[in-house]
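> Chains as they are written, first to last, in the working numbering: chain A, 6 to 157; chain B, 6 to 102. Quick reminder that beta carbons are idealized off the backbone N, C-alpha and C, glycines included. Since this is a predicted model, take the numbers as computed values, not measurements.
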Amino acid sequence: MSNDSASGGGAIKPQPSQAVRFDPLTPSANAAVFSSLSKEQQDVLLMEYMRGNLDVGKKAAQMHVDVDAFRSALEVMSAKTREVSSQEGVSVQFQHTQESSFGKTEVIMGNTAQAASGKLTRTMANERNLTPFYYIGGIIGLLILVSLFMHH
Amino acid sequence: MLKSRIFVNQSTDVEHEVRSLESLARKHSLDDATTDALIAEARGLLADFCQTAIDAANGHFSAEISKTIKGPKYEVAFVLRQEPLPKRGGIMSLFRR
């Protein structure tokens with residue numbers, strides 16, 4: 006293995022005067038000396054370095070796909086909102102929530118009061134809706150009251 | 006006076022809705038010119054709403070659009086409601102909003 010072979014993009018540049026230098030803010034200035042290592046150790050290091058590069062590339066590709074999908078959804082929503090809301094007497098509202106590799110995003114747009122408030126519906130915001138439980142509790146309470154009156 | 010409300014989502018059959026509207030127009034004794042105008046506008050609107058509903062379903066966003074078309078003898082509201090993905094069914098769906 007040549008030391009230069011790992012220097013694609015300048016991430017690892019062996020320099021005789023330095024053992025290891027790593028600066029995460031300027032990766033191009035990073036340097037490592039492999040001369041003190043055995044051939045096997047150099048191979049292992051190179052393999053790890055390449056695997057790391059592949060992982061970063063895979064993650065970047067995944068994020069790119071997520072961003073592209075999000076962008077196209079936004080384009081459809083905004084174009085339609087613009088087109089429809091220009092017509093008189095039309096109410097329009099779009100909502101979108103997604104959790105992707107770059108975090109959670111909530112979007113609401115349209116010409117409705119809810120869109121203006123910027124608050125998503127519970128379903129879209131993935132909030133738990135407790136209304137059914139209130140109804141069930143109320144019915145149970147009512148049944149208890151009725152049974153109490155029946156016994157008196 | 007013909008008054009109707011048509012709900013649209015991604016599975017709406019545009020031609021079926023148009024035919025229903027046409028027979029409703031006949032039932033309300035709308036003249037041919039008025040019926041033709043109503044049907045033409047309704048067909049365009051339904052196709053547009055249906056496409057938006059499909060876009061919403063594919064793009065995983067919810068869409069709600071309502072538009073009312075009014076003529077001398079009719080008032081028809083078109084309501085698009087499309088959820089991004091099928092959520093929990095049963096009783097919970099009654100309280101979804």
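For a contact meaning CB atoms closer than 7 Å, what does residue 68(B) contact in chain A?
Those within 7 Å of residue 68(B) in chain A are 99.
> If I'm right that residue 97(A) touches residue 70(B) with Cβ under 8 Å, what's the distance once you round it to whole angstroms?
5 Å
> Looking at the structure shown, is residue 104(A) part of a helix, part of a strand, or coil, going by DSSP?
The answer is strand: DSSP assigns residue 104(A) an E or B state.
> Just to make sure I have the definition right: I need the residues of chain A whose C-beta is within less than 9 Å of the C-beta of residue 72(B). Which are they?
89, 92, 94, 95, 96 and 97
> Residues of chain A with CB under 7 Å from residue 57(B), in chain order?
Ordered by position in chain A, the residues that pass the 7 Å Cβ test against residue 57(B) are 85.
> Which residues mark the beginning and the end of the alpha helix (DSSP H) in which residue 56(B) is found?
37-64
> Taking the beta carbon of residue 46(A) as the centre, do at least 16 other beta carbons fall within 10 Å, making it buried, or is it exposed?
exposed
> Under the three-state reduction of DSSP, which class applies to residue 67(A): helix, strand or coil?
helix
> State the DSSP-derived secondary structure class of residue 136(A), mapped to helix, strand or coil.
helix
> Considering only residues of the same chain and omitting the five flanking positions on each side of residue 33(B), which have a CB-CB separation below 6 Å?
A distance below 6 Å between beta-carbons, with the five flanking residues on each side excluded, links residue 33(B) to the following residues of its chain, in chain order: 7.
> Assign residue 47(B) to one of two classes, buried (16 or more other C-beta atoms within 10 Å of its C-beta) or exposed (fewer than that).
buried
> For residue 100(A) versus residue 125(A), is the C-beta distance shorter than 8 Å?
yes
> Who are the near neighbours of residue 67(A) in its chain, counting only those whose CB is closer than 8 Å to its CB and skipping five residues on each side?
Beyond the five residues adjoining it in sequence on each side, residue 67(A) comes within less than 8 Å, by CB distance, of 106 in the same chain, given in chain order.
> With distances taken between CB atoms, is the gap from residue 89(B) to residue 58(B) smaller than 8 Å?
no
> Please tell me whether residue 79(B) and residue 43(B) are closer than 8 Å, where the distance is taken between their beta carbons.
yes
> Mapping the DSSP letters down to three states, classify residue 85(B) as helix, strand or coil.
In the structure shown, residue 85(B) falls within a strand segment according to DSSP collapsed to helix, strand and coil.
> Cβ of residue 81(A) less than 8 Å from any chain B Cβ?
yes
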